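Protein chains: 2
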Amino acid sequence: MTDDSQQAALIAVDWGTSNFRAYLLDRDGEVMAERAAEQGILKVSDGGFPAAFRAQLGSWLAPGLSVLMAGMIGSRQGWSEAPYVACPAGLEDLASALHVVPGDLGRKVMIVPGLSWRDKSGVHDVIRGEETQLVGLDPAPERRVVCLPGTHAKWAIVEGERIVSFSTAMSGEVFALLCQHSILGRLMVEQDCQDDEAFARGVARAKDDGGLLHHLFGVRAQGLFEAEPVTGLRSYLSGLLIGHEIAGIETVIGDVGHVTLVGAAGVRDAYAKALELSGCGVTIFDGGSAVTVGLWRIAQRAGLLGVKF
Amino acid sequence: MTDDSQQAALIAVDWGTSNFRAYLLDRDGEVMAERAAEQGILKVSDGGFPAAFRAQLGSWLAPGLSVLMAGMIGSRQGWSEAPYVACPAGLEDLASALHVVPGDLGRKVMIVPGLSWRDKSGVHDVIRGEETQLVGLDPAPERRVVCLPGTHAKWAIVEGERIVSFSTAMSGEVFALLCQHSILGRLMVEQDCQDDEAFARGVARAKDDGGLLHHLFGVRAQGLFEAEPVTGLRSYLSGLLIGHEIAGIETVIGDVGHVTLVGAAGVRDAYAKALELSGCGVTIFDGGSAVTVGLWRIAQRAGLLGVKF
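Keeping their order, the protein sequence lines are chains C and S. Under the numbering used here, the final residue of the first sequence carries the number 510; numbering is consecutive throughout. Under the numbering used here, the final residue of the second sequence carries the number 510; numbering is consecutive throughout.
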């Protein structure tokens, strides 16, 4: 590989709440090199973003390539706030609304805006970071349901390159809170791996009468009577929450049918299992590659590839 | 009032997770004196219960009256575990299953057992303390829906003196967790009082599509866009959770219709408002008097009134 055959064309950055990831991309969007650090925006103090930026990207900055960033770096708590673009919105809308980071950084440094949506009751929802993954998927002409699991899981309806609407579910954060701080956590023990049977019982429980707030107390009562082994309580709770999330989302978008799951292994696999138990088909897409492809496509549309200043 | 006209017949104790409350009752169940301390079972170390008991009751113990206790004092984390009695169960079942606290305490010291229940899927539920309040209500021949709000709210079906079934909802604990530890709490500000309009919008939101886990994220998104004033976010969340609790319970017990609400002011009034907004009728019953009446009725049935040893 020489500079002639593969020349860097873009620095793509995924800067979230907990992590910083950067990729050096060539003209075809191939990853030439990557860097990662546990330096999410919560670890950077106010005013510290330009220094953290230079420290992380180092020698990559020499040629004066443009930098395109996605994620919470564009939030109010990030470096510079990139206003939301309203859904439906596609690649073109994102590319034409890139937010320029102010200051003398020796190059174009831009942030992909997040997306906003209001449901039929007028209630707001927001995405920041996942819009880039969504436009990084292989475009398909038909309507697709895409799920991006995480602390705040996102469910989007995508048609071609267009994000039609989306819904967020707080299941990941609620799971962590209940394990760490609630009476349910007190009964739990460390688990080396998922207990698949307990997880499936949790998914099934979500279909019962009573609602989530009642079913949560059942996690404790089942533990007290050893009807669920304490070694499986975390998995049971995880299945219960994901099962409720899927049932809730189905009331918004109708029968889910087939879901494109985007994300890293682990939680993504738990969602795949819950969806299969709920009778849904699943296609898995790697979350990391969705980010780089999405950033590259947006940069290409915005004319940022290979631009030097 | 002389010893002749009003003679103590029972020491009734409500000993819960956070609080200790004791009442000196006469033969008719009238409260002659009461004591309260923030000395719930979590504040008493293992083996410290006999000493805490003597310190709190002091001079009341001199005549050798029986002591009847209810609440978490009978749990595994309490003084001595009182096994659960399975529902349906009534006053008679509780009175004949009183748990004798072991040790030389110079009198009969007994604990009212909690109740257990398994729903049609076989999932367990438990009550400890509220069974005593339930048998302390004015007995009515017809089927009643009784709600006891709290950290873990209890919904019971009561027929006469018989508790037919019940369901627990973790709404109170989930509300506290979300306010204290979640991303929702970060947007919130201290509220001097309930924001009734925001609370009503939360109750209404619970009726929308999407499910609780989606609606929770909406609390944040509405706050971000200032569609809900940050001064009302706690009330909005409270209404959302109670609204979901009521909707969930209705899937178990059918149309709620009319609810007897038992508890102290504050959270009880929030439930009353949410129930009224959901088209339910409400009768309010004071939680404190339900405990003393319940303990007195059980003691009477068990032949403990006025017994001295």
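Idealized CB from N, CA, C, for every residue including glycine. Here the structure is a predicted model, which is why all the values come from computation and not from measurement.
ask   = Hey, C:F400 and C:G440: beta-carbon distance below 8 Å or not?
value = yes
query = Roughly how many whole angstroms lie between the Cα atoms of S:R345 and S:E360?
reply = Roughly 6 Å separates the two Cα atoms.
inquiry  = My output table needs one value for C:P431: the three-state DSSP class, helix, strand or coil.
reply    = Checking the sequence, you will find Val at residue 431 of chain C rather than Pro. Of the three classes helix, strand and coil, the one that applies to C:V431 here is helix, per DSSP.
inquiry  = So S:M371 contacts chain C; which residues on that side make the cut at Cβ distance below 7 Å?
reply    = L414, L417, F418
request  = Would you kindly report the start and end of the unbroken beta strand (DSSP E) that includes C:Y472?
outcome  = Careful: C:Y472 lies outside any beta strand (DSSP E), inside the alpha helix (DSSP H) at 468–478.
ask   = Nearest to C:P342 by CA position, among C:D487, C:I443, C:V324, C:V365, is which residue?
value = C:V365
request  = Taking S:P314 and S:P289 to be in contact with their CB atoms under 8 Å, please state how far apart those CB atoms are, rounded to whole angstroms.
outcome  = Not confirmed; about 14 Å, so no contact.
Continuous alpha helix (DSSP H) assignments of at least 4 residues falling wholly in the region 314–342 of chain C = Runs of the alpha helix (DSSP H) inside the region 314–342 of chain C: 331–335.
inquiry  = Please report the straight-line C-alpha distance between S:A209 and S:D410, rounded to a whole angstrom.
reply    = Distance between S:A209 and S:D410, taken at the CA atoms: about 56 Å.
Closest Cα partner of C:Y472 within the set C:W356, C:E332, C:A422 = For C:Y472, the nearest C-alpha among the options comes from C:W356.
task = Please work out which residues of its chain come closer than 7 Å, Cβ to Cβ, to S:R502, disregarding the five sequence neighbours upstream and downstream, and give them in chain order.
result = L292, E293, A296
Amino acids of chain C, ordered along the chain, whose beta-carbon sits closer than 7 Å to that of S:E374 = Annotation: Cβ neighbours of S:E374 in chain C (cutoff 7 Å, chain order): S383, I384.
inquiry  = Does C:A405 come out as helix, strand or coil in the three-state DSSP assignment?
reply    = When secondary structure is reduced to three states using DSSP, C:A405 falls in the helix class.
query = At which residues does the alpha helix (DSSP H) containing S:A253 begin and terminate?
reply = 250–258
Top-ranked residue by Cα proximity to S:V324, from C:G386, C:K321, C:V420 = C:V420
inquiry  = Classify S:Q423: buried if its beta carbon has 16 or more other beta carbons within 10 angstroms, exposed otherwise.
reply    = Within 10 angstroms of the beta-carbon of S:Q423 lie 16 or more other beta-carbons, which makes it buried.
query = Among C:V431, C:Q207, C:G272, C:K321, which one has its Cα closest to the Cα of C:D393?
reply = Of the candidates C:V431, C:Q207, C:G272, C:K321, the one whose C-alpha sits nearest the C-alpha of C:D393 is C:V431.
Short Cβ contact (8 Å threshold) for C:G351 with C:G464 = With a cutoff of 8 Å on beta-carbon distance, C:G351 and C:G464 are scored as near each other.
query = Quick one: is C:S317 buried, meaning 16 or more other Cβ sit within 10 Å of its Cβ, or exposed?
reply = buried
key: Limits of the beta strand (DSSP E) - the one that S:I358 falls within   = 354–360
task = Report whether the distance from the Cβ of C:W216 to the nearest heavy atom of the ligand FAD is below 7 Å.
result = With respect to the ligand FAD, the structure offers nothing, as it holds no ligand at all.
request  = Give me the Cα-Cα distance between C:M371 and S:K244, rounded to the nearest whole angstrom.
outcome  = Taking the straight line from one Cα to the other gives about 34 Å.
ask   = With a cut-off of 8 Å, do at least 3 Cβ pairs link the region 210–223 of chain S to the region 240–258 of chain S?
value = yes
ask   = What in chain C is Cβ-close to S:Q304, meaning under 7 Å?
value = Correcting the residue identity first, residue 304 of chain S is Gly in this sequence and not Gln. Simply none; closest approach about 25 Å.
query = Is the shortest distance between the beta-carbon of S:E282 and the beta-carbons of chain D less than 8 Å?
reply = Checking the listed chains, one finds no chain D in this structure; the protein chains it contains are C and S.
ask   = Roughly how many angstroms lie between the CA atoms of S:V258 and C:A405, to the nearest whole one?
value = The residue you asked about is not Val; residue 258 of chain S is Leu in the sequence shown. Taking the straight line joining both Cα atoms gives about 49 Å.
ask   = Can you tell me whether S:V177 is buried or exposed, with buried defined as 16 or more other CB within 10 angstroms of its CB?
value = Outside the modelled stretch of chain S, which goes from 202 to 510, sits residue 177 of chain S, for which no answer is possible.
ask   = Which runs of the alpha helix (DSSP H) fall wholly inside the region 224–303 of chain C and span at least 4 residues, in chain order?
value = List check, alpha helix (DSSP H) in window: 250–258, 292–296.
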